[in-house]
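Numbering (this note's numbering), first residue to last: 140 to 418.
Report on one structure; see the data block that follows.
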Ligand SMILES: NC(=O)c1ccc[n+]([C@@H]2O[C@H](COP(=O)([O-])OP(=O)(O)OC[C@H]3O[C@@H](n4cnc5c(N)ncnc54)[C@H](O)[C@@H]3O)[C@@H](O)[C@H]2O)c1
């Protein structure tokens, strides 16, 4: 197999779950641009294979079917990557669903369980099998997808918020063990960016309204894209981040930093005006 020698991920082999769409697909593209070969793992096997074909086929990318909540699928996906490319250096554990929604009093247990199966058991199984293939190499980078909903309440549903908060804890916990094998574990916490998850395909007028709302909620005044998240994942996956492990990076245009509430800094609050009791 030919390996690219140019780029920030030159020569590395990566596996991306949920790689057939949205943030995962954008990251797969960015990885290939930066010289990595990619295993695109998705529950939609045909879509994963078709993205792999578009990227240039088996010298560069292969697509595999994988339900991240099923251990034999996850194990087989990592094994397929090792067989095709010799090793896995980078695992981006990103597959996700919105899952259970609505008031907690009406949340069905089956929906809660499925949400946590995909969003928490999935990353656990991904880390487990990434560790299996990375530990003997003594190197590796694992990146998980949390969410701003994992860093503050009231942004996502109860199950989604719980799951994405668990991802932050799992990132720290796994980092604390796997550092002894030279493996770094980090997460990204995206703000809202347009993907099939946030802008369901089919109704173009509705889709445009949602895209406009997403752009309007950006404190920086620019609409975020899956590529903005992918660029952070490239950094965390590359040797530029060799001294970074256990962190969750918000990629949210400053939303969680209070970017939508910046009135203080426009002279409307006591921190700026110095007037006691002005809060
Ligand atoms: N889009 C956003 O605004 C946003 C914000 C914060 C976090 N996230 C997170 O980003 C990740 C990617 O979401 P996206 O927005 O790109 O959505 P998306 O729907 O475009 O992509 C998700 C991908 O995951 C795949 N998938 C779903 N269930 C799976 C399973 N059980 N096993 C394997 N693959 C599965 C889907 O087929 C799809 O290709 C998710 O973890 C999501 O929670 C998204």
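Think of the CB as a built atom: it goes at the ideal place given N, C-alpha and C, for glycine as much as any other residue.
Values in this document were obtained by computation on a predicted structure and should not be read as measured data.
Of all the options 144, 184, 306, 156, which has the alpha carbon lying nearest to the alpha carbon of residue 172? 144
Using 8 Å as the Cβ pair cut-off and three pairs as the minimum, do the region 319-326 and the region 270-284 touch? yes
Throw me the rounded Cβ distance for the residue 200 and residue 186 pair, which I believe falls under 8 Å. Contact flag wrong, Cβ pair sits at about 13 Å.
Residue 258 in three-state terms, based on DSSP: Of the three classes helix, strand and coil, the one that applies to residue 258 here is helix, per DSSP.
Start and end residues, alpha helix (DSSP H) containing residue 301: Here the alpha helix (DSSP H) through residue 301 covers 297-317.
Just verifying my parser: in three-state terms, what is the DSSP assignment at residue 228? coil
From the DSSP secondary-structure annotation, give me the bridge partner or partners of residue 116. This structure leaves residue 116 out entirely; the chain is present only between 140 and 418.
Can you tell me whether residue 188 sits near ligand 1, meaning its C-beta is under 6 Å from at least one heavy atom of the ligand? no
Strictly by DSSP, which residues pair up with residue 167? For residue 167, DSSP assigns no beta-bridge partner whatsoever.
CB of residue 304 to nearest heavy atom of ligand 1: below 6 Å? no
What did DSSP end up calling residue 412 once you bin it into helix, strand or coil? The predicted model places residue 412 with a pLDDT of 38, which falls under 50 and marks its position as unreliable, so this point remains unresolved.
Measuring from the CB of residue 325, is there a heavy atom of ligand 1 at a distance below 6 Å? Because no heavy atom of ligand 1 lies under 6 Å away, the Cβ of residue 325 does not count as near it: no.
Tell me which same chain residues have a C-beta within less than 6 Å of the C-beta of residue 285, skipping the five on either side of it? 303, 306, 307, 326, 328, 387
Quick one: any contact between the region 260-276 and the region 346-366, if contact means 3 or more CB pairs under 8 Å? no
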